[in-house]
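This report refers to the structure that appears directly beneath it.
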Amino acid sequence: MYNLEDKIVVVTGGARGIGFSITQKFAKQGAISIILDLDQDAIDKAVKEIDDAGYRALGYNTDVTNNKAIKKLFNKIYDEFGKIDILVNNAGITKDGLLMKMKEEDWDKVITVNLKGTYNCTQAISRYLLKQREGVIINIASIIGIMGNAGQANYAASKGGIIALTKSTAKEFAARNIRVNSIAPGFIKTKMTDKLSDEIIDSYSKAIPLSRMGLPEDVANLCIFLASDQSSYITGQTINIDGGLIM
Amino acid sequence: MNIEQKVKEIIVEELGVEESEVTNEANFIEDLGADSLDTVELIMCFEEEFDIEIPDEEAENLVTVAKAIEFLKSELD
Ligand SMILES: NC(=O)c1ccc[n+]([C@@H]2O[C@H](COP(=O)([O-])OP(=O)(O)OC[C@H]3O[C@@H](n4cnc5c(N)ncnc54)[C@H](O)[C@@H]3O)[C@@H](O)[C@H]2O)c1
Chain Z
2 MYNLEDKIVV
12 VTGGARGIGF
22 SITQKFAKQG
32 AISIILDLDQ
42 DAIDKAVKEI
52 DDAGYRALGY
62 NTDVTNNKAI
72 KKLFNKIYDE
82 FGKIDILVNN
92 AGITKDGLLM
102 KMKEEDWDKV
112 ITVNLKGTYN
122 CTQAISRYLL
132 KQREGVIINI
142 ASIIGIMGNA
152 GQANYAASKG
162 GIIALTKSTA
172 KEFAARNIRV
182 NSIAPGFIKT
192 KMTDKLSDEI
202 IDSYSKAIPL
212 SRMGLPEDVA
222 NLCIFLASDQ
232 SSYITGQTIN
242 IDGGLIM
Chain B
711 MNIEQKVKEI
721 IVEELGVEES
731 EVTNEANFIE
741 DLGADSLDTV
751 ELIMCFEEEF
761 DIEIPDEEAE
771 NLVTVAKAIE
781 FLKSELD
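First to last, the protein sequences are chains Z and B.
Just so we're aligned, residue 2 is where the first sequence starts under this note's numbering, counting upward by one.
Just so we're aligned, residue 711 is where the second sequence starts under this note's numbering, counting upward by one.
Structure below.
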């Protein structure tokens, strides 16, 4: 149904959490999943798990904030496979704190990884996608980028930025049949949210109409849909996946 | 291969036009049907092929085949 057989898919931050779930799901659809991540142990583990299950994945230890290294890597991937089909910009971090006391370096770091990292990878892949006149980019934003959150000004700004970047990129690339969309997850059970206290998780769950946290697979399923021809008329959009938390 | 030939070859390949259309006076956008993305891709191809950097201010002026050839010749001499 999704027709992702032999597609070359690059997932940043694909070694863990939501990114790993995305990597795994694409591999199960017959795609070749390529992980870009910083955590070598997690990369090795992720690749092995997919390999052991009989699917295809490989990993590169590369920082999405390094413009030159990212360009080089996409070039290498293109040379090796003769094409690149799908990019999922998923690598992201948080460094929370109230704005009044937020350290400049925490602001810079979050904006650089989340927003500039997305720009770096999008730019690096663009020349190949434009040439192919085919391809899909999916950016992982967050509902925080839409509704804001006390204590997450840097993160909210980076994710709101990703949503705006998505729209501009979608407009620039539409003439070449390249679709660009973002996904805005709500509260998803991963290492990132494991840091939250039970109290906070409880209070959030109460506010969620479907009264549970989401799972990484929920996000991965949406990714598969947005990467496939099943969504061929959708571009420039941000799709919330949050159990109905914001409507 | 000389620069002029190579430039014309790149234009044919990138813009998907006939060799005969790529006259010296041809304007990329008006005569050869390029859009703004095509012109950026074209400049990037020149940069790669001739291993040079073409600053944006320069790139803006390279609107015809002749202007591109002239610029690249002067850069590579
Ligand atoms: N977990 C949630 O509830 C939630 C909600 C909304 C949005 N998101 C977004 O989903 C994405 C994934 O989140 P997660 O919860 O799986 O996080 P995670 O921390 O479990 O995984 C993030 C991955 O990105 C990698 N990474 C970090 N910085 C990197 C860099 N500079 N270069 C390359 N890789 C890097 C990490 O090594 C890790 O493998 C993030 O963009 C996050 O903002 C998560």
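For glycine and all other residues, C-beta sits at the position ideal for the given N, C-alpha and C.
Counted as a single uninterrupted DSSP element, the alpha helix (DSSP H) harbouring Thr123/Z occupies residues 118-133. Taking C-beta atoms under 8 angstroms as the contact rule, Ile779/B and Val717/B qualify, at a distance of about 5 angstroms.
If you check each beta-carbon in the segment 122-149 of chain Z against every beta-carbon of chain B, the ones closer than 7 angstroms belong to Arg128, Leu131.
For the segment 166-198 of chain Z, the set of residues with a beta-carbon nearer than 9 angstroms to any beta-carbon of chain B comprises Glu173, Phe174, Ala176, Arg177, in chain order. Its Cα nearest to that of Gln238/Z, the residue Val181/Z stands out among Ile94/Z, Asn222/Z, Val181/Z. For Pro186/Z, the distance from the CB to the nearest heavy atom of ligand 1 is below 6 angstroms.
Glu751/B reaches chain Z at Arg128, Leu131, Lys132, counting residues in chain order whose Cβ is nearer than 9 angstroms. Within the same chain, and ignoring the five residues on either side of Ala744/B in sequence, the residues whose Cβ sits closer than 8 angstroms to its Cβ are Leu725, Phe738, Leu752. Going by beta carbons, Gly14/Z and Asp38/Z fall inside the 7 angstroms limit. Between the segment 167-183 of chain Z and the segment 134-144 of chain Z there are three or more C-beta pairs closer than 8 angstroms, enough to call the two in contact. In the three-state reduction of the DSSP assignment, Asp38/Z falls in the strand class. Here Phe226/Z is not near Tyr205/Z, since their CB atoms are 7 angstroms or more apart.
In this structure, the C-beta of Thr749/B stays at least 6 angstroms away from each heavy atom of ligand 1. DSSP places Arg17/Z outside both helix and strand once states are collapsed to three, so it counts as coil.
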